[in-house]
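Data block below; observations after.
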Amino acid sequence: MRRLRKTSLIRELVKEVRLDRSDLIQPIFVEDGLKRDVPIPSMPGQRRQAFSTVGREVTRLVENGVRSVILFGIPADKDETGSAAYDSNGIIQKTIYELKQQFGEELVVLTDVCLCQYTSHGHCGLVKDGRIDNDETLPKLAEVAVSHAHAGADMVAPSAMIDGQVKTIRDALDDNGFKDVSVMAYAAKHASSFFGPFREAAFSTPKFGDRRTYQMDYSNPEEALREIALDVKEGADVIMVKPALAYLDIIYRAKKRFRMPTAAYNVSGEFSMIKAAAREGWIDEKSAILEVLTSIKRAGADMILTYHAVEAAEWLG
Ligand code: PBG
Ligand code: ZN
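The numbers in the sequence shown follow my numbering, run straight up by one, and end at 317.
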């Protein structure tokens, strides 16, 4: 076996999985009311963008070869129903419009469709009698998705794990003349400890209980496949598995079973663990990041949502 490992060029020749800049999607936080961008303490190197700085940040990404972003909004005010999430003049809607004006088809704009950053209770759906009401939430999510499409989003990504959200959103997009807007379904999204840094970044920690009545139990791989099958049936264009690293088996099975365009979300906790260990000098940051991202692609992901996108793109050249 060692003959083909002899030199760097031979190793390049026989390489089976090749990470590419075009595989990477950078998540971006935009906060309403900010005057300038501010660092996110739980996610070293990541910043909450202001409306006035997000264009410059995306320019930096595009110059480094990252051509896809997923936007997360942080509103000035939260309320019981998360109404800022579907405000046509909301921070995300304005940002989508600006980015599309600035970059047009040179940038793929994806948007996270959920309520948790926008609700006072921090849950992904509407609360009724202390529980997350599935069917009452559906039209709200559809409103969010349509408002994003209206502003110019290329792809909407429902992440609430509310049953029927993909179909409801697909129908609403079609009914409102957005047949060309695609849906990336957070199909198998697991209740995970690895979302911690994100929730600090987006102020979206639930005020009571947790998300285990809607996000998946990580012990159930067969159920993950059923979840994904439903989203495919409901009209998802892209399926997603989230998180990525502790779920490589799910990514592998999903790709094998459905043969769909498949995304994996290398989440905030996975990002921050690498940053922390690198900061301590315990691992080599660059090689660890490239190893992790390659492993996600090797498992079957066609695209990776990752906070490492820009730095990795710079290294990949
Ligand atoms: C909102 C949402 C979350 C993430 C993506 N969309 C947080 C959550 O479900 O609590 C997590 C992303 C990350 O940790 O990087 N529904
Ligand atoms: Zn949510």
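Glycine included, C-beta positions come from ideal geometry on N, C-alpha and C.
Just so it is clear, the structure is predicted and the values come from calculations on it, not from any experiment.
Worksheet item: Smallest Cα separation from R18: which of T306, A309, V30 and L293?
Response: Taking only the C-alpha atoms, the option nearest R18 is L293.
Practice prompt. Answer yes or no: the CB of A160 versus the heavy atoms of ligand 1, is any distance below 8 Å?
Written response: It does: the Cβ of A160 is within 8 Å (strictly closer) of some heavy atom of ligand 1.
Practice prompt. Could I get the ranges of all uninterrupted beta strand (DSSP E) runs contained in the segment 127-159, with 3 residues as the minimum, in chain order?
Written response: Taking only runs of at least 3 residues, the beta strand (DSSP E) segments lying wholly in the segment 127-159 are 131-133 and 155-158.
Fill in: Spatially closest choice to G90 from D112, I74, S272 and E105, by CA coordinates
Measuring from the Cα of G90, the nearest candidate turns out to be I74.
Practice prompt. Taking A276 as part of the alpha helix (DSSP H), name the residues at either end of that continuous run.
Written response: From DSSP, the alpha helix (DSSP H) with A276 extends over S268 to R279.
Worksheet entry | Residues of its chain near S22, where Cβ-Cβ distance is below 7 Å and the 5 sequence neighbours each way are ignored | So the list reads R67, once near-sequence residues are dropped.
Practice prompt. Using a threshold of 9 Å, state whether the C-beta atoms of A187 and I228 are closer than that.
Written response: Yes. Within cutoff.
Item to complete: State yes or no: is the C-beta of D398 nearer than 8 Å to some heavy atom of ligand 1?
Response: The shown model of the chain, from 1 to 317, leaves out residue 398, and the question about it has no answer.
Worksheet item: For V108, which of G164, T59 and V267 has the nearest alpha-carbon?
Response: It is T59.
Worksheet entry | Under 9 Å between C-beta atoms of D112 and A151 | Contact flag unset, no.
Worksheet item: Among A142, Q46 and E98, which one has its Cα closest to the Cα of V267?
Response: Ranking A142, Q46 and E98 by CA distance to the CA of V267 puts Q46 first.
Discussion item. Taking the straight line between their C-alpha atoms, what separation do you get for M240 and R2?
Written reply: Pairing M240 with R2, the inter-Cα distance amounts to about 37 Å.
Worksheet item: In terms of residue numbering, what span does the beta strand (DSSP E) encompassing R5 cover?
Response: That residue, R5, is in no beta strand (DSSP E); it is neither H nor E in DSSP.
Discussion item. So for G196, helix, strand or coil by DSSP?
Written reply: Three-state DSSP puts G196 in a helix.
Worksheet item: Using DSSP with H/G/I as helix, E/B as strand and the rest coil, what is V238?
Response: In the displayed model, V238 falls within a strand according to three-state DSSP.
Worksheet item: Cβ of S204 versus every heavy atom of ligand 2: is any distance shorter than 8 Å?
Response: Checking every heavy atom of ligand 2 against the Cβ of S204, one is found closer than 8 Å.
Discussion item. Going by the DSSP bridge assignment, what does P27 pair with across the sheet?
Written reply: Partner(s): I70.
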